[in-house]
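Under the numbering used here, the letters of the sequence shown match residues 1160 to 1389, in that order.
Take a look at the structure set out below.
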Amino acid sequence: MLVGHVAVGMLAKRAEPKVSLGTYVFAALLADLLVFTFLLARIEQVDFGPGRGAANYFHPVNIAYSHSLLMDVMWGLLFAGVYFLLRHNSRGAWLLFAAVVSHWVLDFIAHKPDMPLAPGTHHAYGLGIWSWIPATLIIEGGLWAAGIVVYARSTRAESWVGKVFFWVVAIFLTLVWYNNIAGPPPPNPRTAPIGSLMFFGLLVLWAYWMNRSRPHIQRVTASLPATSGM
């Protein structure tokens, strides 16, 4: 998944506005940021084959340190723990933990059976909706649309920057996502981790930028004065 992870950050921002959108997106994309780092460090391994769509050309060989359920829980506890120590926001910390772990859940839905439970295990799992483009468009596309709508309605652009760059990047990310599920493999698999790491890093920075450019709308519910009965 791609836009589905970003949507998790947008939905979490609505649940606890005190946490930056950038921090939520960072948490939701943490497993991907780790896998590209580990690929460059040769700690993990991924092969790229022929075909169109990531379901056909993307073949994880060893991604257990970044994408196994156990390690995502551990990374989530570490990420949320550091946030809590810095901000003392327990609700935000729990949501960040959930955002990190949600990566495994969403990838379990999207990937073929290549999502491990823990390092050293020999069984992997996945429902493989990536293989069915219509199902991917409905499920991940629906989640992405929900994230955009909820975030757009719960924030307000203070300038043209927050308005224009939010929608420009949202449209661009949608096109990148469609190419990911239906397009060809990267032209140079050796440099693909570098480009992907830069792309996801810029996406996190964009989310921090939007958090400053589109502040959360404080909704105040007016209450009528109490009246005494006769």
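For every residue, glycine included, the Cβ atom is placed at its ideal position computed from N, Cα and C.
None of the values given here were measured: they were computed from a predicted structure.
Taking C-beta atoms under 8 angstroms as the contact rule, Val1178 and Leu1255 qualify, at a distance of about 7 angstroms. When only Cα atoms are considered, Asn1215 and Gln1377 end up about 45 angstroms apart. By the criterion of a C-beta distance shorter than 6 angstroms, Phe1325 is surrounded in its chain by Met1369, once the five residues flanking it on both sides are discounted. Where Asp1206 is concerned, the enclosing beta strand (DSSP E) starts and stops at Gln1204 to Phe1207. Close CB contacts of Gly1360 within its chain, under the 8 angstroms cut and outside five residues either way in sequence, are with Leu1192 (chain order).
Classified as exposed, Asp1206 has fewer than 16 neighbouring CB atoms from the shown chains inside 10 Å of its CB.
Annotation: the continuous alpha helix (DSSP H) that includes Asn1370 extends over Ala1351 to Ser1372.
In the DSSP assignment, His1262 falls within the unbroken alpha helix (DSSP H) covering Ser1249 to Ala1269. Comparing alpha carbon positions, the residue from Leu1199, Pro1176 and Trp1234 closest to Arg1250 is Pro1176. Here the C-alpha atom of His1164 lies approximately 10 angstroms from the C-alpha atom of Tyr1183. If you draw a straight line from the Cα of Ala1351 to the Cα of Ala1311, it comes to about 32 angstroms. Secondary structure of Asn1215 (DSSP, three-state): helix. The Cβ atoms of Ile1297 and Leu1286 lie no closer than 8 angstroms to each other. Per DSSP, reduced to three states, the secondary structure at Met1230 is helical. A straight-line Cα-Cα distance of about 44 angstroms links Asp1273 and Ser1318.
For Ala1223, the CB contacts under 8 angstroms within the same chain, skipping 5 residues up- and downstream, are Glu1203, Met1230, Pro1275, Ala1277, Pro1278, Gly1279 and Thr1280 in chain order.
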